[in-house]
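These notes concern the structure reproduced below.
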Amino acid sequence: MWANEDFQEALSNRGVTFRTAEDVLLTPEQLIVANVFLNTLDKTSIRTTLQTLGVSQIKYNAWQNDPAYVNYVQKRAELMYENLDAELYKSLVQGIQRGDSTLIKLGLEMKGKYVKTEKHTFDVRHVLVDVVDIISRHVKNPETLEAIANDLEGLNVSENERNQLPQELPVQLIRAIETAGTEPDD
């Protein structure tokens, strides 16, 4: 059955090919389709291109499962990407000349003349609540806790910043002072 030419032709019409390990060459039809699809200037849809080239969707789908076809297309696409440097730099220069601020920053970054700084944000209020909690767990001397509370009150903080501090800070410190034992702190 496999040797039957009609059977092989029927399979071939559906994109199924018989190859040995050494025979990894693509058919002329596969090469044409692959290279037309790799043409970045051609914006024609896959369906229209296949119809124009006389290749059925079933056959093309089968090629997508053919390691030789897939490897060829992938290698060619990778080569195209690797050879993009000149085009990439040309487009970058054109964008910079147009005044595109994003591309200007990118160009300066690439030249090492601009370093993008990332803002690391965290909730200071949450950290302060945690710090007070840690202090109140480990410091048992009421005088020490009261001194810490006074120092926190005396921080050089604007009225606006003071209003943004969590209200639970003084309450936590007062509770810690009230519940503190008389044993000396470490």
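First residue of the sequence shown? That's 151 in my numbering, and the numbers climb one at a time after it.
Every residue gets a Cβ at the ideal spot worked out from N, C-alpha and C, and that includes glycine.
Beta-carbon separation of residue i and residue j under 8 Å?
i    : j    : result
Y219 : L175 : no
K209 : R164 : yes
L253 : G245 : yes
A227 : L188 : yes
I298 : I284 : no
May I ask you to report which of helix, strand or coil DSSP gives residue i?
i    : result
K209 : helix
D235 : helix
S195 : coil
G245 : helix
N221 : helix
L203 : helix
K266 : coil
D216 : coil
K255 : helix
N189 : coil
T177 : coil
V290 : Looking at the sequence provided, one finds Lys at residue 290 rather than Val. K290: coil per DSSP, three-state reduction.
D250 : coil
K240 : helix
R226 : helix
D301 : helix
E172 : With a pLDDT of 46 at E172, under the threshold of 50, the modelled position of that residue is not reliable, and the figure given next carries that caveat. Residue state, collapsed to three classes: coil.
Mind checking residue i: buried by the 16 CB within 10 Å criterion, or exposed?
i    : result
L239 : Sequence check: residue 239 is Tyr here, not Leu. Exposed is the call here.
Y222 : buried
L295 : buried
S251 : exposed
E155 : exposed
Taking the alpha-carbon of residue i as reference, which of the options has the nearest alpha-carbon?
i    : options                : result
L200 : T190, I182, N215, L191 : I182
Q180 : I298, T198, G204, E232 : G204
V243 : G257, S286, D301       : G257
N185 : E293, K225, K266       : K225
L234 : T194, T190, H276, N215 : T190
L302 : A236, Y264, V282, W213 : V282
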